[in-house]
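Data block below; observations after.
In the numbering used here, the protein residues as written are 638 to 889.
What follows is the structure in structure tokens.
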């Protein structure tokens with residue numbers, strides 16, 4: 638099951654406006670090269686989705702992961718090799734529970750095109766604008782390859798309503814967007830792990846990371862951009878302790 642997602646119906650943006658955005662290349666050997674997104678939270682650590690950097694036995698080898706920063710154009714990104722990967726200890730690949738991981742890179746200096754994003758301190762309300770980033774396709778066609786950095790403006794949904802048919806999902810650990818609230822814009826193939834953020838008083842705040850999409854029932858896979866699709870995001874606030882503990886200690 639390939640759950641990587643890419644921006645649909647978004648707008649191309651300047652990388653310098655979103656210096657926390659990272660492109661993660663994952664070499665899965667016989668399976669090929671996969672692309673995910675991530676968010677820089679300080680000079681050494683990137684938050685992404687666990688399903689991007691894990692296997693059934695745990696995290697993939699750091700030699701298989703490279704992180705690109707510093708441009709809105711893929712070919713102009715500056716790549717660093719991962720030196721550590723920590724997957725949430727309660728990550729469940731079967732249902733994407735606790736779909737969060739942290740990648741460590743060699744410490745880098747900030748500049749106008751590379752800088753971190755703030756972490757949240759409070760819950761977000763529903764029916765407010767949220768924004769997703771990705772080096773994405775602008776359609777769900779299999780021939781629509783990655784291009785430049787894109788931004789989609791979405792609307793936060795009611796997690797209770799989004800999961801009403803999914804009692805197996807932890808509503809505290811997820812955020813959702815409902816495509817009926819933001820017609821024509823969505824995340825799609827390749828943007829898994831990418832940031833979902835809000836703007837408050839000129840500050841961008843990371844509230845989620847792209848995890849998976851479903852149809853209107855909460856089941857199945859979502860064809861990108863469908864009017865009744867639901868996008869699910871790992872709730873960063875719910876996982877704050879995991880993040881703080883990881884960046885304060887050794888990364889395996």
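Glycine included, every Cβ here is placed at the ideal spot set by N, Cα and C.
Original post:
Going by other Cβ atoms of all chains shown within 10 Å of its Cβ, with 16 needed for buried, is residue 780 buried or exposed?
Top reply: Looking up residue 780 in the chain shown gives position 143. Below a pLDDT of 50, predicted positions are generally treated as unreliable, and residue 780, at 49, falls in that range; the measurement from the model is reported next regardless. Result: exposed.
Subject >> Range covered by the beta strand (DSSP E) that runs through residue 895 >> reply: Past the boundaries of the shown model lies residue 895; the chain is included only from 638 to 889, so the question cannot be answered.
Original post:
Can you tell which of 834, 720, 707 has the C-alpha that lies nearest to the C-alpha of residue 785?
Top reply: Within the chain shown, numbered from 1, the residue matching residue 785 stands at position 148. That would be 707, whose Cα lies nearest to the Cα of residue 785.
**OP:** Quick one: residues in its chain with C-beta nearer than 8 angstroms to the C-beta of residue 652, no 5 flanking neighbours on either side, listed in chain order?
**Re:** To locate residue 652, count along the chain shown from 1; it is residue 15. Only 658, 707, 708, 709, 710, 750, 786 meet the Cβ criterion.
**OP:** Please confirm if the region 841-849 is in contact with the region 871-879, defined as three or more CB-CB distances below 8 angstroms between the two stretches.
**Re:** yes
Subject >> Meets three-Cβ-pair contact criterion under 8 angstroms: the region 670-684 and the region 835-842 >> reply: no
Original post:
If you draw a straight line from the alpha carbon of residue 689 to that of residue 814, how long is it in whole angstroms?
Top reply: Reading the chain shown from its first residue, position 52 is the one you call residue 689. Reading the chain shown from its first residue, position 177 is the one you call residue 814. For residue 689 and residue 814, the distance between alpha carbons rounds to 21 angstroms.
Original post:
According to DSSP, which residues form a beta bridge with residue 785?
Top reply: The residue labelled residue 785 in the question sits at position 148 within the chain shown. Per DSSP, 710.
Original post:
For residue 662, which of helix, strand or coil comes out of DSSP?
Top reply: For the purposes of this step, residue 662 is taken as residue 25 along the chain shown, with counting starting at 1. In the structure shown, residue 662 sits in a strand (DSSP, three-state: E or B).
Subject >> 8 angstroms Cβ shell around residue 702 - same chain, five flanking residues per side excluded >> reply: The residue labelled residue 702 in the question sits at position 65 within the chain shown. 661, 662, 663, 664, 690, 718, 719, 722, 740, listed in sequence order.
Subject >> Simplified DSSP state of residue 874, which is helix, strand or coil >> reply: Taking the first residue of the chain shown as position 1, residue 874 is located at position 237. Here residue 874 sits in helix by DSSP.
Original post:
With distances taken from CA atoms, which of 692, 792, 681, 684 is nearest residue 668?
Top reply: For the purposes of this step, residue 668 is taken as the residue at position 31 of the chain shown. Minimum Cα distance to residue 668 is reached at 692.
**OP:** Drop a sphere of 10 angstroms on the beta-carbon of residue 736, count the other beta-carbons inside from all chains shown, and report buried for 16 or more, exposed for fewer.
**Re:** Mapped onto the chain shown, residue 736 falls at position 99. Looking at its Cβ environment, which holds 16 or more other Cβ atoms inside 10 Å, residue 736 is buried.
Subject >> Helix, strand or coil at residue 819 according to DSSP, with G and I counted as helix >> reply: Along the chain shown, read from residue 1 onward, the residue named residue 819 stands at position 182. For residue 819, the predicted structure reports a pLDDT of 48, less than 50, and the residue's modelled location is therefore unreliable. The matter cannot be settled from this model.
Subject >> Contact set for residue 616: own chain, Cβ-Cβ below 7 angstroms, skip 5 residues either direction >> reply: Because the chain spans 638 through 889 in this model, residue 616 falls outside it and cannot be assessed.
Original post:
Grouping DSSP H, G and I as helix and E and B as strand, with all else coil, what is residue 884?
Top reply: For the purposes of this step, residue 884 is identified with residue 247 of the chain shown, where counting begins at 1. Three-state DSSP puts residue 884 in a helix.
Original post:
DSSP three-state call for residue 654: helix, strand or coil?
Top reply: For the purposes of this step, residue 654 is taken as residue 17 along the chain shown, with counting starting at 1. In this structure, residue 654 counts as helix in the three-state DSSP scheme.
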